[in-house]
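Have a look at the structure below before the remarks.
Protein chains in written order, with this note's numbering: chain A, 108 to 428; chain B, 108 to 428.
Quick look at the structure:
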């Protein structure tokens, strides 16, 4: 069994799923956003976790899709809030249609996620639902924290980790948990998988912060330094500010209103390099991934079942896109 | 047992329910909107329906609250789309905070509705969830249809009834259905209650359309003729257009861009009066309510249990606010 097989079957299910028909302004944006692709890593995690314990992994397709649809719902609404023109290189829903369509179509998408979730196998659906509710609320809390940070002068490393944990990691944790719960695993095992997902998730986001600055623009598929241009309070930026004197060159670039984007990116990267920020970020990221890897090793499942989850985590750790 | 008792206990539950704490931008708007009041008729319907069959009606409080929280979630997002400055005479959430807060806080509110729903009693929660999903999607479909109608030249009476059925009535139907399902009633009884709610719901919305034109501004709590000023395609307007010649005085007032609001309201009401629109609307409304009343009479429950639901429907029918 290889990751590609999960993704192929999953993609087919996503392509043929009927979200609804009329009015078309409500359902076409869902199909559009879902068709733009993405790594599908959250549903892959659910399938892998279920398959650690049960052979019939196709039974976990619907809950896996629930996680992916939920994730894309958050993207549709976040893109309105961020006024983002592009998503995966294509116009965002609020740009292609309009704001109201993006709000309402997103709402229906959240409802669709619950409908898919209701198809979860296993005997304790109410616990699955309550855990999904908690996770969904936390993702919104993370998004609100992120927006609040943008208006603040300073953010501590601890606050930043808490924000990305809520905004990104808990959903990766839940994706694994959902697979284990759907397979009827006991709380102890469910919690092990959740913790693995949360640790991989924090590592995943730190990797994203690093790739924004040090990635290969062709492979990463985004312009390098976007976070720097926008003064986004990433782990790298916060650490660099922590290591800078008051009123440093970095502060100057952050305050600058009139600048050439490429010049600012270049200058900030030089400051990062002088302060050794890349190595510090990679250290913090590696620590999170290692916690995840340790969690995977501790799982009491046959070695051949573990291999695919470990391989997936290794890919997340080493990815350059 | 009187309606006031339900509403008193319900209000107390709503006042003390914890939606969440941090970040406060996410949860304060929920508490704010819920504190603005409203008739609470949807949760009252759930409690009444449950109480038709079971004594311990307090057990249906959480699902009843789910319906009310869901309804208020739709108001929070609809108010953004309608760019409404006021809700129940107070600033809307997007005015008091901002658009992004209203989007995200609304999202969490929908999640909170699912969390409350998960506390429904009864042995078939998955069916309750699936029916709630369907209803929630329909309410969004109705809202999208309503927005589409605003951009259209003509709307038929049939299309209008379909729109208000989705936007308003299915949730009243579901509120009653939810009470019956929570009380473990068979599908036949569940469907009877759903149909009663849908018919009362259409009647309720037609009453709203009538009160906007013919209500007492003091009792109704809104300025009279708001729908007329905005050219809203209500049942009355559509019927009047149907009965008017091409390029009539009504068409003139609809096209007018520069007008004194009170003059337009007065003129359109005179057109309505000349065409007998009020009587036609009251006829259509009465027909819907009568279907609802007939449904209530057919319910096989002890007379004394029926009385409160009948009384409530009579109040909806006769209300002047």
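Glycine residues also receive a C-beta, built at the ideal position from the N, C-alpha and C atoms. Just so it is clear, the structure is predicted and the values come from calculations on it, not from any experiment.
Closer than 8 Å to chain A by CB, residue i
{"i": "residue 229 of chain B", "result": "no"}
{"i": "residue 254 of chain B", "result": "yes"}
{"i": "residue 281 of chain B", "result": "no"}
{"i": "residue 267 of chain B", "result": "no"}
{"i": "residue 183 of chain B", "result": "no"}
{"i": "residue 218 of chain B", "result": "yes"}
{"i": "residue 395 of chain B", "result": "no"}
{"i": "residue 177 of chain B", "result": "no"}
{"i": "residue 240 of chain B", "result": "yes"}
{"i": "residue 236 of chain B", "result": "yes"}
{"i": "residue 244 of chain B", "result": "yes"}
{"i": "residue 210 of chain B", "result": "yes"}
{"i": "residue 274 of chain B", "result": "no"}
Residue i, DSSP secondary structure in three states
{"i": "residue 330 of chain B", "result": "coil"}
{"i": "residue 143 of chain B", "result": "coil"}
{"i": "residue 195 of chain A", "result": "coil"}
{"i": "residue 380 of chain A", "result": "helix"}
{"i": "residue 337 of chain A", "result": "coil"}
{"i": "residue 122 of chain B", "result": "helix"}
{"i": "residue 229 of chain B", "result": "coil"}
{"i": "residue 426 of chain B", "result": "coil"}
{"i": "residue 393 of chain B", "result": "helix"}
Closer than 8 Å to chain B by CB, residue i
{"i": "residue 379 of chain A", "result": "no"}
{"i": "residue 127 of chain A", "result": "yes"}
{"i": "residue 130 of chain A", "result": "yes"}
{"i": "residue 225 of chain A", "result": "yes"}
{"i": "residue 133 of chain A", "result": "yes"}
{"i": "residue 278 of chain A", "result": "no"}
{"i": "residue 221 of chain A", "result": "yes"}
{"i": "residue 188 of chain A", "result": "yes"}
{"i": "residue 258 of chain A", "result": "no"}
{"i": "residue 357 of chain A", "result": "no"}
{"i": "residue 214 of chain A", "result": "yes"}
{"i": "residue 76 of chain A", "result": "With chain A covering only 108 through 428, there is no way to say anything about residue 76 of chain A."}
First and last residue of the uninterrupted alpha helix (DSSP H) at residue i
{"i": "residue 207 of chain B", "result": "206–224"}
{"i": "residue 181 of chain A", "result": "168–188"}
{"i": "residue 306 of chain B", "result": "294–321"}
{"i": "residue 164 of chain A", "result": "Premise fails: residue 164 of chain A is in no alpha helix (DSSP H) and is neither H nor E."}
{"i": "residue 409 of chain A", "result": "Per DSSP, residue 409 of chain A belongs to no alpha helix (DSSP H) and is neither H nor E."}
{"i": "residue 241 of chain B", "result": "232–257"}
{"i": "residue 279 of chain B", "result": "277–289"}
{"i": "residue 356 of chain A", "result": "356–362"}
{"i": "residue 352 of chain B", "result": "Looking at the DSSP string, residue 352 of chain B is not in any alpha helix (DSSP H), and its letter there is neither H nor E."}
{"i": "residue 153 of chain B", "result": "148–158"}
{"i": "residue 200 of chain B", "result": "200–203"}
{"i": "residue 269 of chain B", "result": "264–271"}
Local Cβ density within 10 Å of residue i, reported as buried at 16 or more and exposed below that
{"i": "residue 325 of chain A", "result": "exposed"}
{"i": "residue 195 of chain A", "result": "exposed"}
{"i": "residue 422 of chain B", "result": "exposed"}
{"i": "residue 259 of chain A", "result": "exposed"}
{"i": "residue 428 of chain A", "result": "exposed"}
{"i": "residue 366 of chain A", "result": "exposed"}
{"i": "residue 405 of chain B", "result": "exposed"}
{"i": "residue 333 of chain A", "result": "exposed"}
{"i": "residue 149 of chain B", "result": "buried"}
{"i": "residue 231 of chain A", "result": "exposed"}
{"i": "residue 193 of chain A", "result": "exposed"}
{"i": "residue 292 of chain B", "result": "buried"}
{"i": "residue 288 of chain A", "result": "buried"}
{"i": "residue 434 of chain A", "result": "Residue 434 of chain A is absent from the structure shown; chain A starts at 108 and stops at 428."}
Any non-hydrogen atom of the ligand GTP within 7 Å of residue i CB
{"i": "residue 397 of chain A", "result": "Inclusion of the ligand GTP in the displayed structure is not the case, the ligand content being empty and no account of it being possible."}
Evaluate the contact criterion for the region 338–348 of chain B versus the region 384–393 of chain B: three or more CB pairs, one atom per stretch, below 8 Å.
yes
Say whether the region 202–221 of chain B touches the region 166–177 of chain B, bearing in mind that this needs 3 or more beta-carbon pairs closer than 8 Å, one atom from each stretch.
yes
Report yes or no: do three or more beta-carbon pairs, one from the region 294–311 of chain A and one from the region 279–286 of chain A, lie closer than 8 Å?
yes
Are three or more beta carbon pairs between the region 204–214 of chain B and the region 130–149 of chain B nearer than 8 Å?
yes
Does the region 145–164 of chain B come within contact of the region 411–418 of chain B, defined as at least 3 CB pairs closer than 8 Å?
yes
Does the count of Cβ pairs from the region 365–379 of chain B and the region 264–283 of chain B closer than 8 Å reach three?
no
Pairing CB atoms from the region 387–396 of chain A with CB atoms from the region 309–326 of chain A, are three or more of them under 8 Å?
yes
Just checking, does the region 121–130 of chain B make contact with the region 248–255 of chain A on the three C-beta pairs under 8 Å criterion?
yes
For the pair the region 233–246 of chain B and the region 110–127 of chain B, tell me if three or more CB-CB distances fall below 8 Å.
no
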